[in-house]
Every structure is written in structure tokens, then in C-alpha cells.
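The structure appears below as C-alpha cells.
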Ligand SMILES: *Cc1c(COP(=O)(O)O)cnc(C)c1O
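In the working numbering, the protein residues as written are -19 to 422.
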């Protein structure tokens, strides 16, 4: 025990950088009993031995009762069953909350399970959601195909028009929901300004009627922006993307205020969308420790690739927050910052093909993508993003096909738009592959 205390004394994360904390987390905290492991073991146990009926009873009593005066970290938690909580997930959640500067984090089976988890605790029959007009296709489908069955309705507005957001809020609005950068258009939402709108509305509302802000920050990762530090209530991520990074596992997380922890844990227990311990482990020991290095490398490459694309006659528009020509360059510089305060525009690019008509532009995008799929070595036609490999896709016919074709243009989705997620390859390898396919569609 004394030895453990020595270990603990060496662990003063606050005296070190955030990046150090993403590598070390609380993996050596005596509460986890892994103080002699450099890498914590994968805690693959569906159920846990309880020493006595009393200990089992105590575990059930304490589950999801942290915010009523019980501290989360005064002693080792009593684990009962994986769906209620287990060590790998707890270690991962501790680091994810720290990475996004929130009080708590709760992981889920996927990004979509995290989105339905946070919306599940914030809304009920009769609630309204105000959401940005462009959203990830499955989120759009959740809001338009499923929630109306529970009498939860969504009004879509352009969140770059703050007056329109204010006008759309009614007494039943419980959530302002947005992505920034928006998937796939790379438009940004001014998160501090949206948080200020919610604060103004809440000044005259009771606690039961509070309006909450939720940001899907998947495109940015916690390395490039921390919405909670800008006044947002909840940040969600698909762990499948930049945080996981290696493309081996699907997962999601909600980061938020302390009061929401028990609600999210109870929701997850009863709806059952838990992250498997075997999927929490690679995010904990590989994804988060390499997040900063990967993102710094990717955004250096992304800038060079975006500059290359801007110089090409086949391309009519390139949207990358790091380009001086980016339409919201000032907001990008204000909002997207790494842990040291450096500008961090991320590794995602959206670009649009030149064309006489939308149909013409779409044809070129499709021919280009097909050429990439069959000829490129360093660019893979695949959905997902934030991967160590460069991935390309056509949102109009793939990730965002849940949005009807006739609505896509109004939502800022160009039929000839292509989404590019930069990986760890050298910039010249990526631009060489792009050049060959661009010349083919010229
Ligand atoms: C992929 C993605 C999701 C969904 O995440 P899954 O892990 O695939 O469920 C949600 N939002 C954005 C912005 C995404 O890119």
C-alpha cells in the first residue's frame, strides 16, 4: 500500500501538459490496482465477483448515485456487471473528460448511441430540438425518422445565422444541436455565440425547462477544439473517428456537466448501448496517447493538400479551415486551438468539382472517385474519417444519402462535393494520387 502511495505521489497530472495526461491518464491510479502495469490489461470480464451479499447490495445502491454527495474517486468502485460499468471504460472516461475539459464522460457503443444517449436524457414527449440544417446523415435520420414517433420534433435552421437560431426557439425547445465543423461541408458554427443565446434564454426559465447546447465535435477531436470551454453544455464524439484513430473499433462518448453523469449511466444501463471493454482498450492505450501527434501531422499535411487542390482548374471550391481563403477564417482561428493555444484546423477537407451544371459537377466527382478507388495507392474510397490512412468519399451518395437529393443543395451539400480525410502519409504521396485522378476527369 505504501508503495502505491509513492506511485500516487508521482502522479500529479495538473503539473504536466494535457498531452502527457492523454498518454498516462489515471492508468496507474491505485484505485485501478494496475500500478505495476505500464499498459493496463484489457479487463475482459462480463461480470465481477462480489465478496458478500452486502458488498453486492452496496454496489447496486451506489450505482449512478455519485452526484448525491458520493465522491467518484474516494476508493475503488464496486464493479458488478459490465453493462453498469467496468475498469477499462472508467479509465477511458476519466481521460476523455479531461481531454475535452468537461466534468464527466460516459462512453457508448457508437457515436450514434452517444447522440441518442444525450438527447435521450435531455428530451421527452413534446420536446423540440433546434438543429443546424446540415448534419451527419444518421443524426438527420434519427431526428426526422424516429423522434417524431415519440413526439419529439426538430426545426432545422442555419446556425451561421444566429438571429434565425433565436427565432426558432420556442418554450418547448430543450436542445440546440449542431456539428462544428459540419460534416461534410466544413462550415463552422460560432459555439461561444450559440452558448450565449442559450444563457440568455435560460435566464428566464426554470430548471425543468432549461435549454441545453450539444455539439458533435467529431471532426475536430478534443485536440482542435473544446466546446465546453466555450460555454457549450455537452460535447459528443464518435470514438470511431479521430480519437480512436486507427480504425479498429466503433465507439462514442458524451462529455458534460457533473449532474448529468448519473442520468447518462442509468440511460446506458437500461438502453444497453455500452462500449465493449475490448473496444475501450485500444482507444485508451493507442488512440488517446497518439492523438496530439497524429493531429499535428495530419493538419500539416492537410494544409498542403488543400493548397494543392486550390491550384487545380478541375476544382471550383476548397473548404479547409486552415486556408486563408476559408470563408470563416476569423472564426476558425478563434475557435480551433490546440492545447498549447496554437491554431488547429484539423485534418478534414471538403472540395467541389467544377461543372457547367450540378449534374456535370456530380458526374466529374463520381468519375474522379471511381478513378481514385481503382488507381490510388495512398487514398482509399471508404466512409469514416480521422484514420491513419487517407480516406475519400462522396457524401451526396454515401454518408448523407439519408437526406433527399432535392434537399441536399439547400443544406449546403453540393452534388459535386467530395470529402477527404487526411491520414499519416506524406503530402506528396497524397497529392500525387490526387493529381493522377484529377487529370483523368479534366
Ligand atoms: C461517424 C459520425 C457519427 C456517428 O458515429 P458512429 O461511431 O459511426 O456511430 C456522428 N457524427 C459525426 C460527425 C460522424 O462523422
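Every residue gets a Cβ at the ideal spot worked out from N, C-alpha and C, and that includes glycine.
Bear in mind the structure is a predicted one, so any value in this text is a computation, not a measurement.
Is residue i near ligand 1, with its Cβ less than 6 angstroms from a heavy atom?
i           : result
residue 396 : no
residue 196 : yes
residue 92  : yes
residue 232 : yes
residue 159 : yes
residue 116 : yes
residue 218 : yes
Is residue i helix, strand or coil by DSSP?
i           : result
residue 29  : coil
residue 242 : helix
residue 213 : coil
residue 387 : helix
residue 272 : helix
residue 413 : helix
residue 365 : coil
residue 400 : strand
residue 218 : strand
residue -11 : Residue placement at residue -11 is poorly supported in this model, since its pLDDT is 40, which falls under 50; the coordinates are not used for a value here.
residue 167 : coil
residue 232 : strand
residue 147 : helix
residue 14  : coil
residue 61  : strand
residue 181 : helix
residue 162 : coil
residue 360 : strand
residue 317 : strand
residue 133 : strand
residue 226 : coil
residue 423 : The structure shown has nothing for residue 423, since the chain only spans -19 to 422.
residue 393 : coil
residue 138 : coil
residue 44  : coil
residue 292 : coil
residue 378 : coil
Kindly indicate the opening and closing residues of the alpha helix (DSSP H) around residue i.
i           : result
residue 373 : No alpha helix (DSSP H) contains residue 373, which is instead part of the beta strand (DSSP E) from 370 to 373.
residue 341 : 338 to 355
residue 154 : First-last for residue 154: 153 to 159, but that is the beta strand (DSSP E), not the alpha helix (DSSP H).
residue 112 : No alpha helix (DSSP H) contains residue 112, which is instead part of the beta strand (DSSP E) from 108 to 112.
residue 92  : 91 to 102
residue 117 : 117 to 121
residue 71  : 67 to 79
residue 124 : Where residue 124 is concerned, there is no enclosing alpha helix (DSSP H), given that its DSSP letter is neither H nor E.
residue 306 : Careful: residue 306 lies outside any alpha helix (DSSP H) and carries neither H nor E.
residue 259 : 257 to 262
residue 201 : 201 to 204
Can you tell me where the beta strand (DSSP E) holding residue i begins and where it ends?
i           : result
residue 297 : 295 to 299
residue 329 : 328 to 333
residue 3   : Residue 3 -> not in any beta strand (DSSP E); alpha helix (DSSP H) instead, spanning -2 to 4.
residue 87  : 84 to 88
residue 192 : 192 to 196
Could you round the C-beta distance between residue i and residue j to whole angstroms and report it? I think they count as a contact, below 8 angstroms.
i           : j           : result
residue 347 : residue 421 : 5 angstroms
residue 376 : residue 392 : Not really, about 11 angstroms apart at Cβ, beyond 8 angstroms.
residue 286 : residue 349 : 18 angstroms between Cβ atoms; not a contact.
residue 264 : residue 71  : 6 angstroms
residue 82  : residue 215 : 7 angstroms
residue 410 : residue 281 : 7 angstroms
residue 351 : residue 417 : 4 angstroms
residue 101 : residue 154 : Contact flag wrong, Cβ pair sits at about 10 angstroms.
residue 112 : residue 159 : 7 angstroms
residue 236 : residue 271 : Incorrect: roughly 20 angstroms between the Cβ atoms, too far for contact.
residue 75  : residue 1   : 7 angstroms
If you measure from the CB of residue i, is any heavy atom of ligand 3 nearer than 6 angstroms?
i           : result
residue 165 : Judged by which ligands are present, ligand 3 is missing from the structure shown, whose ligands are ligand 1.
Chain B beta carbons: is any one of them nearer than 7 angstroms to that of residue i?
i           : result
residue 341 : Here there is only one protein chain, and chain B is not present.
Inter-stretch contact at 8 angstroms, needing at least 3 Cβ pairs: the stretch 271 to 285 / the stretch 399 to 406: yes
Contact the stretch 218 to 235 vs the stretch 88 to 96: 3+ CB pairs below 8 angstroms: Yes: at least three Cβ pairs fall under 8 angstroms.
Contact between the stretch 318 to 325 and the stretch 352 to 368 (3+ Cβ pairs under 8 angstroms): no
At least three beta-carbon pairs within less than 8 angstroms, the stretch 170 to 183 to the stretch 208 to 220: yes
Cβ pair count under 8 angstroms reaching 3, the stretch 303 to 312 against the stretch 158 to 170: yes
Cβ pair count under 8 angstroms reaching 3, the stretch 379 to 393 against the stretch 251 to 260: no
The stretch 288 to 297 / the stretch 28 to 46 touching (three or more Cβ pairs under 8 angstroms): no
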